[in-house]
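Here's the structure, in structure tokens; my notes come after.
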Amino acid sequence: MTEPCARERRLLRLLEAARQLANPTTKAGNSLRRRLQESSGLSPAGIELGLERCLETQPTQQALASLLAKVPEAPASHVLLSANVFVAALRAIAIGVVASPRVLVRASRRDPVLAEALHELAPELFELVRDLLPQAGDHVWAYGSDPTLAEVRASLPTGVHFHAHGSGMGVVVVEARPGRDVLAEARAIALDAALFDQRGCLSPRMVCVLGSHDRALELAQALASALVMLEEKLPLGAQSNEEMAEVRRFRDTASYAFELLEAGSGGVSLSQSPQLLLPPPGRNLHVAGVGDVIQALKPFERHVTCIGQSASEALRARLALAFPHARHAELGKMQSPPLDGPVDWRPPAYGELLGSNLFPIRNRASL
Amino acid sequence: MRGKDVGVTLTRLIETSDQLHEHVQRFAEGARDDTFEQLALRIARFQERYSEGFRRLVKARAAKLESVDDIPALPVDAFRLTRVAAYPPELDRVRFVTSGTTQADPGIHVMRRTDTYEQLSLRSGRDALLPAQQAPVANPTSFVVVALAPSPSDPPSSSLGYMLAHFIQTFDDPALHSQSRAGALPWQARWLVSDAAGVDLAGLRHATEVAARSGRPVLLLATAFALLQLLDRLGVAKLQLPAASVVMQTGGFKGRTREVSAEALCARVGAALELDSARVVGEYGMTELTSQLYEPSIAESSLGRSFAGAPARVYVEPSWLRVTPVDPVTLMPTPAGEVGIARFVDLGNIDSAVSIVTQDLVRRVNGGIQLLGRQPGAPARGCSLAMEALLRD
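Chain order of the listed sequences is A and B. According to the working numbering, the first sequence is numbered sequentially starting from 287. According to the working numbering, the second sequence is numbered sequentially starting from 43.
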């Protein structure tokens with residue numbers, strides 16, 4: 287087995303490469319930005335902000351210790367990356383290099399840029415491959431849509447440890463409390479949504495406002511304004527025809543069923559009832575006033591990856607209890623979780639051993 | 043608004059709606075004092091006046107309601123999220139509920155009057171399934187009509203069940219319904235699926251015997267899934283339906299674990315029931331619509347005569363329904379022959395939404411519509427959750 291210090295050394299080496307890439311004044315950093323403009327679909331400002339706020343180049347010792355403790359050791363680790371959130375490649379590869387000195391990475395065909403750039407700077411840490419061919423005992427970390435992961439899982443041999451990180455979404459919970467700053471809340475939610483053009487599994491899509499419809503209306507209006515203002519600095523990137531069709535469908539549905547507030551390229555739908563709707567990525571959010579936020583969000587529990595919140599300690603505690611597999615974050619920080627393990631804590635995030643009664647892998651440390 | 047004003051508005055709403063129902067019913071029977079476009083626009087303006095949701099949609103789309111293409115189409119998702127109606131709930135006569143999903147709220151299509159639905163569906167069904175008549179007669183047919191579907195609930199919640207019930211009541215001999223008459227087939231014996239036992243093969247055999255004894259063909263109304271179950275029950279055996287029998291096959295496999303292509307299903311059903319597969323007729327309908335489309339494959343039917351030689355798997359809409367393939371982003375009609383998502387302008391949807399848009403992919407060919415499956419939502423790109431994923435749960 288590898289010594290813990292070797293695992294940590296590999297991790298630190300990867301982070302050093304990431305820091306070079308995050309720095310726009312380095313040749314590698316400059317090249318990365320140019321390449322991401324072609325692959326990510328984000329605006330240049332969106333790329334810069336993603337690198338600045340969300341690429342985990344300076345993790346705390348506590349986060350690193352947590353990461354090292356949570357990731358099991360493996361003879362070989364295989365990493366299947368998805369697109370959408372280009373910075374996610376760093377965390378995924380970090381988990382791979384902590385798990386094993388032998389790491390094979392299959393980058394996203396649509397957006398392989400960060401994985402390739404990291405490989406150029408630290409080629410000894412992992413290999414870029416076209417196909418993953420794990421063997422019994424190896425660990426596979428796979429990121430992507432649920433149907434893709436189901437296909438991957440079905441293709442793996444018995445004895446492989448499979449860690450699936452599927453589709454998810456972020457939600458926001460706002461508790462109307464005396465002295466709260468609605469405009470600041472709206473700006474923070476807008477930023478969380480605009481990062482990566484809302485295509486990530488942490489990106490907020492729904493906002494639950496605890497209290498009356500008037501409270502929800504107040505936040506929805508502020509949020510629409512905040513999205514407009516933010517878009518001046520952080521323009522929406524390119525959208526596919528399919529994404530634009532989803533936006534068309536959302537806008538027409540929301541116009542009829544709810545109230546749709548224009549928000550630059552996006553929209554904020556506001557329901558009179560606690561009814562929730564999942565808007566498409568871009569800059570679109572649904573706001574609802576709810577009486578019982580736990581009950582309102584329960585139907586979506588298995589999809590909720592992150593809960594951004596502006597809430598009292600009591601409500602935070604209730605949310606933590608009700609949604610133990612979601613990350614809980616301050617508003618404005620939903621897209622920058624510490625580098626303490628996978629972003630997604632939902633089961634079976636910590637893996638299953640395929641072909642052996644499918645029992646979960648025991649981790650070194652529990653959540 | 044004061045109580046008296048509310049009353050006046052409601053009276054006016056009902057009067058206008060009733061006038062529109064009468065115009066649409068006359069149009070369906072061939073009267074042409076209004077064109078399709080005139081009626082569609084009148085209904086759209088009525089809905090703009092009395093439906094707050096539609097008014098918001100018209101405003102959001104900056105629609106002028108000057109042509110059929112200018113009527114904003116409502117995505118069918120709205121039926122799951124809100125009440126789609128131009129009148130208050132206390133006037134609901136029926137509430138038809140969509141099927142197929144578990145977690146997502148079902149869609150509900152409410153109706154204030156059911157006579158228009160009955161008339162339009164009977165007219166379409168007669169034109170597509172029964173032999174064309176040389177002259178109008180009160181009860182022109184003599185089928186034994188049975189349904190591979192559960193008996194409708196009371197009050198009815200399935201628009202399909204409601205339609206099938208009217209087909210049974212209208213398209214066969216009332217004497218056959220008699221409980222006391224020997225050789226009769228009472229109402230409950232017409233419904234050949236139960237939750238507990240699935241498809242009632244013995245019941246279908248009995249209905250076939252009743253039909254054969256009385257020299258009548260069978261009209262078998264069935265969902266695609268029930269037909270698959272029937273095939274399973276039959277195994278390698280066959281059940282010969284009398285000559286000139288017809289099978290109406292409707293619906294897909296939403297929420298089911300098995301899927302079979304329409305071609306394969308028709309061929310297998312035809313073989314099992316010893317019918318020409320052209321006598322297995324596809325019907326396309328949905329809860330959110332009042333009207334239906336049919337394949338014109340029964341040669342002796344009105345539809346078959348009008349569309350003789352139409353390619354297989356092409357569906358024809360009645361004169362009061364228009365299906366247009368539209369671009370999913372602009373919602374404008376696609377160039378001739380190209381695929382788009384289906385936008386329906388249904389004159390039967392007087393009190394709900396005259397124009398709706400679905401995710402079903404269609405192409406117009408030779409006067410009919412090819413159904414090409416479902417437009418996927420924005421592809422699940424990486425880890426971002428797609429709306430479709432929630433609907434699948």
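Virtual Cβ for every residue (Gly too), placed ideally from N, Cα, C.
Per DSSP, E79(B) is not a residue of any beta strand (DSSP E); the alpha helix (DSSP H) it occupies stretches across F78 to Y92.
Under the three-state reduction of DSSP, G203(B) is assigned to helix. With a threshold of 7 Å between beta carbons, D402(B) makes no contact with chain A. Put simply, of P567(A), I381(A) and L367(A) the residue whose alpha carbon is nearest the alpha carbon of L418(A) is L367(A). At a cut-off of 7 Å, the C-beta of M530(A) has a neighbouring C-beta in chain B.
Between S201(B) and Q334(B), the gap from beta carbon to beta carbon reaches 7 Å or more. Taking 7 Å as the cut-off, the beta carbon of H614(A) is found no closer than this to the beta carbon of W631(A). Under the three-state reduction of DSSP output, R54(B) falls in the helix class.
Interface criterion not met: the Cβ of L107(B) is under 7 Å from no Cβ in chain A.
The beta carbons of V579(A) and V493(A) sit no closer together than 7 Å.
When only Cα atoms are considered, P194(B) and W233(B) end up about 9 Å apart.
Assigned with DSSP and collapsed to three states, E251(B) falls in helix.
No Cβ-Cβ contact shorter than 7 Å links I379(A) with W427(A). Contact annotation for P114(B) against chain A: D538, S541 and Y542 [CB-CB distance below 9 Å, chain order]. Note that the C-beta distance between L509(A) and E461(A) is not below 7 Å. Taking a contact as a CB-CB distance under 8 Å, the pair V118(B) and G149(B) counts as one, their CB atoms being some 7 Å apart.
Closer than 7 Å to the CB of R339(A) there is not a single CB belonging to chain B. For the options L283(B), P338(B) and Y326(B), the alpha carbon positioned closest to that of V311(B) is the one of L283(B). Taking a beta-carbon distance threshold of 7 Å, R534(A) counts as an interface residue toward chain B.
Exclusion of the five residues before and after S498(A) leaves G575 as the residues of its chain whose Cβ lies within less than 6 Å of its Cβ. A straight-line Cα-Cα distance of about 25 Å links D147(B) and Q484(A). Restricted to the segment 493 to 559 of chain A, the beta strand (DSSP E) segments that are unbroken, complete and at least 3 residues in length are 545 to 549 and 552 to 557, listed in chain order. Each residue's CA atom was taken as its position, placing D169(B) and L345(B) some 5 Å apart. With respect to chain A, the C-beta atom of V371(B) has a partner C-beta closer than 7 Å. Measuring C-alpha to C-alpha distances from Y336(B) to each of E330(B), R355(B) and D318(B) identifies R355(B) as the nearest. Within its own chain, the residues whose Cβ lies closer than 7 Å to the Cβ of R103(B), once the five positions on either side in sequence are excluded, are P114, listed in chain order. Its Cα nearest to that of L206(B), the residue M290(B) stands out among A127(B), G409(B), M290(B) and M153(B).
Per the C-alpha coordinates, the member of S397(B), I392(B), G390(B) and A378(B) positioned closest to Q412(B) is A378(B). Setting aside the 5 residues that flank it on each side, V399(A) is surrounded in the same chain by R321, L322 and S325, each with a C-beta closer than 6 Å to its C-beta; the list follows chain order. Close to G95(B), with beta-carbon spacing below 7 Å, are these residues of chain A in chain order: Y542 and A543. Residue ranges of uninterrupted beta strand (DSSP E) with 3 or more members, entirely inside the segment 403 to 430 of chain A and ordered along the chain, are 425 to 429. Under the Cβ criterion (8 Å, minimum of three pairs), the segment 577 to 594 of chain A does not count as touching the segment 550 to 559 of chain A. Nearest in C-alpha terms to D467(A), of all of A393(A), A597(A), A608(A) and E638(A), is A597(A). A direct Cα-to-Cα measurement between A606(A) and L376(A) gives close to 27 Å. Using a CB distance cut-off of 7 Å, A102(B) counts as an interface residue toward chain A. Beta-bridge annotation (DSSP): C592(A) is paired with G456(A) and R613(A).
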